[in-house]
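One point on numbering: in our numbering, the residue at position 23 of the sequence shown is 576, and numbering is uninterrupted.
Even for Gly, the Cβ is constructed at its ideal location relative to N, Cα and C.
Here the structure is a predicted model, which is why all the values come from computation and not from measurement.
Report on the following structure.
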Amino acid sequence: PRDSSLLQLMNEAFKILSRITHSCNGAVRDMLFDDKGCVFISVFGAHSHEVNPCFDATVSAMRMENALKGLKLNRFSLGVSFGECFCGEVGPEVRSDYVVMGPEVNMAA
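Written out as structure tokens, the structure is:
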């Protein structure tokens, strides 16, 4: 069925984007897939001592663009933003989540 081929394509895209993120010193924050589309969030510089997380994020976005085009995914957008934000665990111990939030995160979205 068409749905299974779409799911297979999204899984492949998420695998590729994860590899690109990690190869550019980033961390995968979230991967969401629903009836409205998909969202992939990467974070750079939050938990590393890399010299230039802005450069890493930009290179990652350029590689992601090429990879998504290679998968014939032509309707997508990429956002890169830089600045201070909150990164950390939120919520009770039984249901906590790692969040990245702030104006700069919203700007990239």
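Report task. Ignore the nearest five residues each way along the sequence and tell me which others in C591's own chain have a CB closer than 7 Å to its CB. Result -> Residue 591 sits at position 38 when you count from the first residue of the sequence shown. Excluding sequence neighbours, C591 sits near M563 and L585.
Query raised in the report: What span of residues does the beta strand (DSSP E) with E642 cover, start to end?
Result: On the sequence shown, position 89 is the one that residue 642 refers to. From DSSP, the beta strand (DSSP E) with E642 extends over F639 to V643.
**Report entry** L585 (DSSP reduced to helix, strand or coil)
**Finding:** The count along the sequence shown starts at 1 and reaches residue 585 at position 32. Under the three-state reduction of DSSP, L585 is assigned to strand.
Query - Assumed close pair I495, R616 - CB separation to whole angstroms, cut-off 8 Å - result: Outside the modelled stretch of the chain, which goes from 554 to 662, sits residue 495, for which no answer is possible.
Query raised in the report: Roughly how far, in whole angstroms, is the beta-carbon of A620 from the beta-carbon of L570, given that I think they are within contact range, below 8 Å?
Result: Here residue 620 is taken as the residue at index 67 of the sequence shown, counted from 1. Here residue 570 is taken as the residue at index 17 of the sequence shown, counted from 1. The pair is a contact, with the Cβ atoms about 7 Å apart (cut-off 8 Å).
Query raised in the report: Looking at G623 and V596, is the spacing between their C-beta atoms short of 8 Å?
Result: The sequence position of residue 596 within the sequence shown is 43, counting from 1. The sequence position of residue 623 within the sequence shown is 70, counting from 1. Taking 8 Å as the cut-off, the beta carbon of V596 is found no closer than this to the beta carbon of G623.
Query raised in the report: Beta carbon of R582, beta carbon of V633: below 8 Å?
Result: Counted from its first residue, the sequence shown places residue 582 at position 29. Counted from its first residue, the sequence shown places residue 633 at position 80. Contact: no.
Query raised in the report: So is V566 buried or exposed if we call it buried at 16+ other beta carbons inside 10 Å?
Result: Stepping through the sequence shown from its first residue, residue 566 is reached at position 13. As written in the sequence, residue 566 is Ala, which differs from the Val given in the question. Within a 10 Å sphere around the beta-carbon of A566 sit 16 or more other beta-carbons, which makes this residue buried.
**Report entry** Those residues which DSSP pairs with G590 across a bridge
**Finding:** Locating residue 590 in the sequence shown gives position 37, counting from the first residue. The partner list for G590 (beta bridge, DSSP) reads D587.
Query raised in the report: Can C711 and D609 be called in contact, C-beta distance under 8 Å?
Result: With the chain covering 554 to 662 only, the question about residue 711 has no answer from this structure.
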